[in-house]
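I have placed the structure first, in the form of structure tokens, so that the comments after it can refer back to it.
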Amino acid sequence: MKGISGGERKRTSIGVELITDPELIFLDEPTTGLDSFTATSVMEILGDLARKDNRTVISTIHQPNSDIFEMMDLLVLLAKGKIIYFNKADKSVDYFGSIGFQCPDLSNPCDFFMSMMSIESIENDQATETGSFMQDRAAIEKIYLETITLFVTKYHSSELKCDHTIKHPLCYPLEDSRDVANYTGFCYQFKLLAARNFANIVRLPQTSYVKLLTTVLTASFASLLFWNTKQTKAGVQNVQGALFFITMNISFNAIQNVILIFPDERPVFLREVNNNMYRCTPYFWAKVISELPFSIVTPTIFATITYWCVGLVPTLGHFLWFVLLLILTYNASSGYSLIISASFSDKQLAVTLTPVLIIPFMLFAGFFVAT
């Protein structure tokens, strides 16, 4: 989305995941791209969720400041895929000091741990000692592996090692038949999704203006081309051409309005459904209802312009039937385009294949073959 910074996008993505009020929250580097103050604020909120609302928050984090480090309850340090520390965060500095890796005073423990676990720190130490950046890579990797092995060995032999086989007395296994998904009611989901769809329409009025302008222009072209057809043999052929043009235009109008928009919403829809925010059914009906005003107004405007200009049967009853048929055609085409756009993740591919999938309907519409 244009107009928002990376930090705002990061915080929004975290807020979206909290909508369902989850008991367990996994975060992958939630502070990356944020300034120090904002990162601290985000971690304070997550800390409140853990302590006040009894939520479990598990997060990977990259170079947290000292304030964030003090908020941590448990700390896990991984190097080469192995655990070198897993216990309370406030015990980590004293632990590594006891095995010969003392964190300097007035230093951020996290920065010290990152330097201690990285191979680059060994490279820098070797370069400082030798005064040359040309180093033996194999020797450095050997020293690094020996250091990590030392960390692992010390951790497994220490009193701080956590036994992963110990379970909390309140923990119990989930039964296979238990439905762990926590859904709200259909009506509540439908109301929120419909309100969001209508809000998106209101926020992008230019899209609505373009749809209406396109409808008026194409209807005007059809009216000028098939103006006031006569009740003759040639006129009958003109009427058939006008009906074919009107049907195809209203169909492609509906298809283009859907197939160019839904693929952009598809990633968000899949993410939210996979996160159990709502089911597919309320999303579908909310989408249909939000598009219903245009599904009625667009074919009605097109029919009003073309019906009387082409010179079809000049009675109100026939006109109303004509409007109803165009509305049904428009909605059927919208549904068909939803199937196409939902079947292909690539919008360009869906647009390319649409004419191929529409041509059979054109050929068997009855305008080209009499029997």
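When we follow the numbering used here, the leftmost residue of the sequence shown carries the number 4, and every step to the right adds one.
Backbone N, C-alpha and C fix where the C-beta goes; we use that ideal spot for every residue, glycine too.
Determine which residues share a DSSP beta bridge with residue i and list them.
i	result
K91	L77
A82	K85
I22	For I22, which the question treats as bridged, DSSP gives no partner whatsoever.
L30	S62
CB residue i to CB residue j, shorter than 9 Å?
i	j	result
V291	Y310	no
L331	I343	no
F305	L328	no
G36	K13	yes
V242	F229	yes
V313	A245	yes
P25	S62	no
K350	P285	no
I71	L80	no
F154	M120	yes
V354	L263	yes
P112	S124	no
I143	E162	no
E20	N278	yes
A225	F189	no
S110	N68	no
R269	A345	yes
F255	I361	yes
V293	S337	Here the sequence assigns Ser to residue 293, which means Val is not the residue at that position. No, the pair does not count as a contact, with Cβ atoms beyond the cut-off.
E73	A92	yes
L78	R58	no
Put residue i into one of helix, strand or coil per three-state DSSP.
i	result
S101	helix
V60	strand
F364	helix
T357	helix
W230	coil
E162	coil
S211	helix
H171	coil
T309	helix
I7	coil
T35	coil
L315	coil
K157	helix
M280	coil
C190	helix
I264	coil
S180	Any answer about S180 is weak, because its pLDDT of 48 lies below 50 and its placement is not dependable; what the coordinates show is given next. Residue state, collapsed to three classes: coil.
L109	coil
S121	coil
P375	Here the chain comprises residues numbered 4 to 374, so residue 375 is not present and cannot be evaluated.
D70	helix
S348	coil
D51	helix
T235	coil
D114	helix
If contacts are defined as beta-carbon pairs under 8 Å, then residue i and residue j qualify, I think. What distance do you get, rounded to the angstrom?
i	j	result
A53	V60	5 Å
T250	T301	Going by Cβ atoms, the distance from T250 to T301 rounds to 14 Å, so no, they are not a contact pair.
D31	Q66	In fact, because the Cβ distance is near 14 Å, the residues do not count as touching under 8 Å.
T23	M280	6 Å
I308	A222	4 Å
I102	K157	5 Å
I169	Y147	About 32 Å separates the two Cβ atoms, so there is no contact after all.
F193	A82	Not really, about 49 Å apart at Cβ, beyond 8 Å.
I399	Y333	Missing from the structure shown is residue 399; the chain here goes from 4 to 374 and no further.
L341	V261	6 Å
Indicate, with yes or no, if the ligand FAD has a heavy atom lying under 8 Å from the CB of residue i.
i	result
Y88	The ligand FAD is absent from the structure shown, which contains no ligand whatsoever.
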